[in-house]
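Below is one structure, written out as structure tokens; comments come after it.
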Amino acid sequence: MARFRTIFCAMLAIAMFATAGFAQLTNSLTVGKADMKSAGALAFGPEGILFVGDSTGGVLYAVDTQDRTAGRAPADIKGLNTKIAALLGTQADQILVNDLAVNPISKKMYLSVARGRGPTATPVLLRIDATGKIEELGLGNLKHSKVSLTALPAPDAARNARAEAITDLAFVDGKVLVAGLSNEEFSSNLRSIAFPFQAAANGASIEIWHASHGRFETNSPVRTFVPYRIGQEQNILAAYTCTPLVKIPVSSLQAGAKVKGTTIAELGSGNRPLDMIVYSKGGQDYILMNNNNRGVMKMATNGLGSLPAITAPVPDTAGVKYETIAALKGVQQLDKVDDNNAVILSLTDGSLDLATIALP
6 MARFRTIFCA
16 MLAIAMFATA
26 GFAQLTNSLT
36 VGKADMKSAG
46 ALAFGPEGIL
56 FVGDSTGGVL
66 YAVDTQDRTA
76 GRAPADIKGL
86 NTKIAALLGT
96 QADQILVNDL
106 AVNPISKKMY
116 LSVARGRGPT
126 ATPVLLRIDA
136 TGKIEELGLG
146 NLKHSKVSLT
156 ALPAPDAARN
166 ARAEAITDLA
176 FVDGKVLVAG
186 LSNEEFSSNL
196 RSIAFPFQAA
206 ANGASIEIWH
216 ASHGRFETNS
226 PVRTFVPYRI
236 GQEQNILAAY
246 TCTPLVKIPV
256 SSLQAGAKVK
266 GTTIAELGSG
276 NRPLDMIVYS
286 KGGQDYILMN
296 NNNRGVMKMA
306 TNGLGSLPAI
316 TAPVPDTAGV
326 KYETIAALKG
336 VQQLDKVDDN
346 NAVILSLTDG
356 SLDLATIALP
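Residue numbering for the sequence shown is 6 to 365, as defined by our numbering.
The structure is reproduced here in structure tokens:
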């Protein structure tokens, strides 16, 4: 009986701790208008909390989706851009899907969308359920919190650098990792922001060896990244345009630090990475990355910790090997649904199509 009471008390303590942790996160959010100027990069945190990057406003939002019931992946949808346009009362050519994220609990898909083009476009958050129903998350009455980023590029800066203030997000060990650009001399930036939000420091400046360009670079933003543990160390695997893959320890991302990433692959010039996920199959971990010009790449992660750094010019590819998944064409957005499946948005002849696929 004593042993039973001990086990019961331990279980109760764990349950109370989990409930308290959940309350701490949700209690940091309040209902009100989320005054987003844009809606870009998305990432999920605990308990259905969705993080949204607003590059134009220079703000990171946390949104309580109140979506915590287990479910299944959305049904396939042909012509999703047309259906979104009809919902929002516009034309398909006035719709731009900036990012997608799958709620790991409900499997519902969330989209950040621009209604219109250019600086006057209206930000929209959408949700798609298992039946294919599309609904808008009204920004006027949303449970959320926000934190303003510092040291941002000016809105009228050359090459519209402000639009790249937030290029990708991930939630890791109680913090939101934010990739993008700053207004500092070394403008490539990675921020680590504790959640619940208090304040956002300037972040770390990132320097990498760009093998296809044959030089060190400090002003190219990370386009997409995934957290990945190598041995006992949490890293991010970051992909850049033209297409270096770089390993960066999360512990190095201290405010004001200058960090030199380790280039472990050159995946080819004339290419922009769009999304990355990590998954396991047959006892092996893989990275799946879609690109604007080199299709969908599959890379095994074994040996990443022992790969030598690339420090010389590379005319084609080097480092981590990849295979191209020929059956996946025109993939614009990609996210993991579960251990066996991913969801993709692919563009073919002007039609943006949603499909759930088996992980290759």
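Backbone N, C-alpha and C define an ideal beta-carbon position, used for all residues, glycine too.
Determine the DSSP secondary structure at residue i, reduced to helix, strand or coil.
| i | result |
| --- | --- |
| Gly26 | Only weak support is given to the placement of Gly26: the predicted model assigns it a pLDDT of 45, under 50, and the value that follows is read from those uncertain coordinates. Helix at Gly26. |
| Ile171 | coil |
| Leu258 | coil |
| Leu157 | coil |
| Gln338 | strand |
| Gln239 | strand |
| Ala347 | strand |
| Lys180 | strand |
| Ala204 | coil |
| Leu92 | helix |
| Asn108 | coil |
| Leu142 | coil |
| Leu309 | helix |
| Leu147 | strand |
| Gln71 | coil |
Which same chain residues end up closer than 6 Å to residue i when comparing Cβ atoms and leaving out the 5 residues on each side of it in sequence?
| i | result |
| --- | --- |
| Val251 | Ile213, Ala243, Gly266 and Thr268 |
| Thr223 | Phe191, Ser193 and Glu212 |
| Lys151 | Val64 and Tyr66 |
If we define contact as Cβ-Cβ less than 9 Å, is residue i a contact residue for chain D?
| i | result |
| --- | --- |
| Ser117 | Absence of chain D from the displayed structure is noted, only one protein chain being present. |
Taking the alpha carbon of residue i as the point to measure from, which residue in the options has its own alpha carbon closest?
| i | options | result |
| --- | --- | --- |
| Arg220 | Ile235, Asn295, Val183 and Thr316 | Thr316 |
| Asp81 | Ala323, Leu364 and Ile349 | Ile349 |
| Tyr284 | Asn108, Leu93, Ala305 and Gly273 | Ala305 |
| Pro79 | Ala331, Lys326 and Thr136 | Thr136 |
| Ile330 | Thr125, Pro365, Ile89 and Lys263 | Pro365 |
| His149 | Thr353, Leu359, Gln71 and Leu92 | Gln71 |
| Leu352 | Gln337, Ala360 and Ser153 | Gln337 |
| Asp161 | Ile241, Pro226 and Asn188 | Asn188 |
| Val181 | Leu195, Gly123 and Glu169 | Leu195 |
| Thr322 | Gln239, His218 and Ser257 | His218 |
Given a cut-off of 9 Å on the beta-carbon distance, is the pair residue i and residue j in contact?
| i | j | result |
| --- | --- | --- |
| Leu131 | Val68 | no |
| Met175 | Arg228 | Position check: residue 175 holds Ala in this sequence, whereas Met was assumed. The answer is no: Cβ separation not under 9 Å. |
| Ala216 | Pro249 | yes |
| Ala44 | Asn103 | yes |
| Ala260 | Tyr327 | no |
| Gly94 | Asp134 | no |
| Leu357 | Asn86 | yes |
Identify, in the order they occur along the chain, each residue of the same chain with its Cβ nearer than 8 Å to the Cβ of residue i, setting aside the five sequence neighbours on each side.
| i | result |
| --- | --- |
| Ala106 | Leu47, Ala48, Phe49, Leu55, Met114, Tyr115 and Asp340 |
| Ile362 | Leu333, Asn346, Ala347, Val348 and Ile349 |
| Thr74 | Ile110 and Ser111 |
| Ala262 | Ala209 and Ser210 |
| Arg122 | Gln99 and Leu101 |
Return the chain-ordered list of same chain residues with a C-beta closer than 7 Å to the C-beta of residue i, the five sequence neighbours on each side being excluded.
| i | result |
| --- | --- |
| Ile282 | Val231, Leu293, Leu339, Asp340, Lys341 and Ala347 |
| Gln203 | none |
| Gly26 | Bear in mind that the predicted position of Gly26 carries a pLDDT of just 45, short of 50, making it unreliable; the figure below should be weighed with that in mind. No residues qualify anywhere along the chain. |
| Arg120 | Leu93, Thr95, Gln99, Ile100, Ala126, Thr127 and Val129 |
| Gly62 | Met41, Lys42 and Ser43 |
| Lys310 | A small fix is needed here, since residue 310 is Gly in this sequence, not Lys. For Gly310, where only same-chain residues beyond five positions count, the Cβ hits under 7 Å are Ile235 and Gly236. |
Give me the Cβ distance between residue i and residue j, rounded to the nearest whole Å; I'm assuming they're in contact under 8 Å.
| i | j | result |
| --- | --- | --- |
| Gly324 | Asn298 | Between Asn298 and Gly324 the Cβ distance is about 19 Å, and since that is not below 8 Å, they are no contact. |
| Leu272 | Met302 | 7 Å |
| Ala4 | Thr155 | The structure shown does not extend to residue 4, since the chain spans only 6 to 365, so no value can be given for it. |
| Ser117 | Val57 | 6 Å |
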